[in-house]
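> So that we are looking at the same thing, I have put the structure below in structure tokens.
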Amino acid sequence: MSKKSKFEYKEFKAFNKKIQQISEKEVINQFIESSAKELAARLLRAVKKRTPVGQYPSGSGKVGGTLRRGWTIGEVKHEGNDCIIEVINPLEYASYVEYGHRQEPGRYVPAIGKRLKRAWVTGKFMLTISEQELEKMTPAILERKLIKFLQNKLK
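As numbered in the numbering used here, residues 67 to 221 make up the sequence shown, in order.
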């Protein structure tokens, strides 16, 4: 036994037209670029939160947080099918804080008012850890963003 149902061809044509509009290269590139910007902003927020702030003796006139304030997002670049945004810290000592560094034990450092004790200072890996966390969350973030994008475009 079969059931009859109404099928409006006009509605199907309208739906097809919306799908074609979504699949235009400009619309897709706009979605990809906005997704990359959102992911970069999330990474920036996470790395800033994880970046240590220098502690200076009172009366020294120095204020910590320069490294934290140094984090920025670069411009969006398109290379082939890739959309690239860099998260940058231009301070010369940022890599030493990230990955660690050697130092001379026993040397007096007037800025901190102490003698150095260890030959190796372990890195904080603030960017590395933040990247790994974001990498785990990216599929869910992009899925939600894609669903929202499609819902808005298909209305």
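The C-beta atom is built at its ideal place from N, Cα and C for all residues, glycine as well.
Report yes or no: do three or more beta-carbon pairs, one from the segment 149-158 and one from the segment 79-87, lie closer than 8 Å?
Output reads no: the segment 79-87 does not touch the segment 149-158.
> So, are the CB atoms of residue 208 and residue 109 less than 8 Å apart?
Start at 1 with the first residue of the sequence shown, and residue 208 comes out as number 142. Start at 1 with the first residue of the sequence shown, and residue 109 comes out as number 43. Cβ distance not < 8 Å, so residue 208 and residue 109 don't count as in contact.
> Could you have a look at residue 180 and say whether DSSP puts it in helix, strand or coil?
Stepping through the sequence shown from its first residue, residue 180 is reached at position 114. The answer is strand: DSSP assigns residue 180 an E or B state.
> Pull up the DSSP beta-bridge partners for residue 19, would you.
Here the chain comprises residues numbered 67 to 221, so residue 19 is not present and cannot be evaluated.
> Just to confirm the assignment, what range does the beta strand (DSSP E) spanning residue 188 have?
Along the sequence shown, one-based indexing puts residue 188 at 122. Per DSSP, residue 188 belongs to the beta strand (DSSP E) from 186-188.
> Give the single residue among 104, 143, 130 whose Cα lies nearest to the Cα of residue 205.
Looking up residue 205 in the sequence shown gives position 139. Answer by Cα proximity: 104.
> Measure the CB-CB distance between residue 173 and residue 181 and report whether it falls below 8 Å.
In the sequence shown, residue 173 corresponds to position 107, counting from 1. In the sequence shown, residue 181 corresponds to position 115, counting from 1. For residue 173 and residue 181, yes; Cβs fall inside 8 Å.
> Buried or exposed, going by whether 16 or more other CB atoms sit within 10 Å of the CB of residue 93?
As a working note, residue 93 is residue 27 in the sequence shown. Result: exposed.
> Let me confirm a value: residue 164 is counted as buried when at least 16 other C-beta atoms fall within 10 Å, else exposed. Which label applies?
Within the sequence shown, the letter at position 98 stands for residue 164. Buried: at least 16 other Cβ atoms inside 10 Å.
> Keeping to the same chain, check which residues put their C-beta closer than 7 Å to that of residue 134; ignore five residues upstream and five downstream.
The residue labelled residue 134 in the question sits at position 68 within the sequence shown. Cβ within range, chain order: 114, 117, 119.
> Just the Cα atoms here: how many angstroms apart are residue 123 and residue 90?
As a first step, residue 123 must be located in the sequence shown, where it is residue number 57. As a first step, residue 90 must be located in the sequence shown, where it is residue number 24. Residue 123 and residue 90: Cα-Cα distance of roughly 59 Å.
> With distances taken between CB atoms, is the gap from residue 131 to residue 160 smaller than 8 Å?
Reading the sequence shown from its first residue, position 65 is the one you call residue 131. Reading the sequence shown from its first residue, position 94 is the one you call residue 160. Contact check for residue 131 against residue 160 fails: the beta carbons are separated by 8 Å or more.
> Go to residue 111, then tell me how far its alpha helix (DSSP H) extends in each direction, as first and last residue.
Locating residue 111 in the sequence shown gives position 45, counting from the first residue. Annotation: the continuous alpha helix (DSSP H) that includes residue 111 extends over 91-116.
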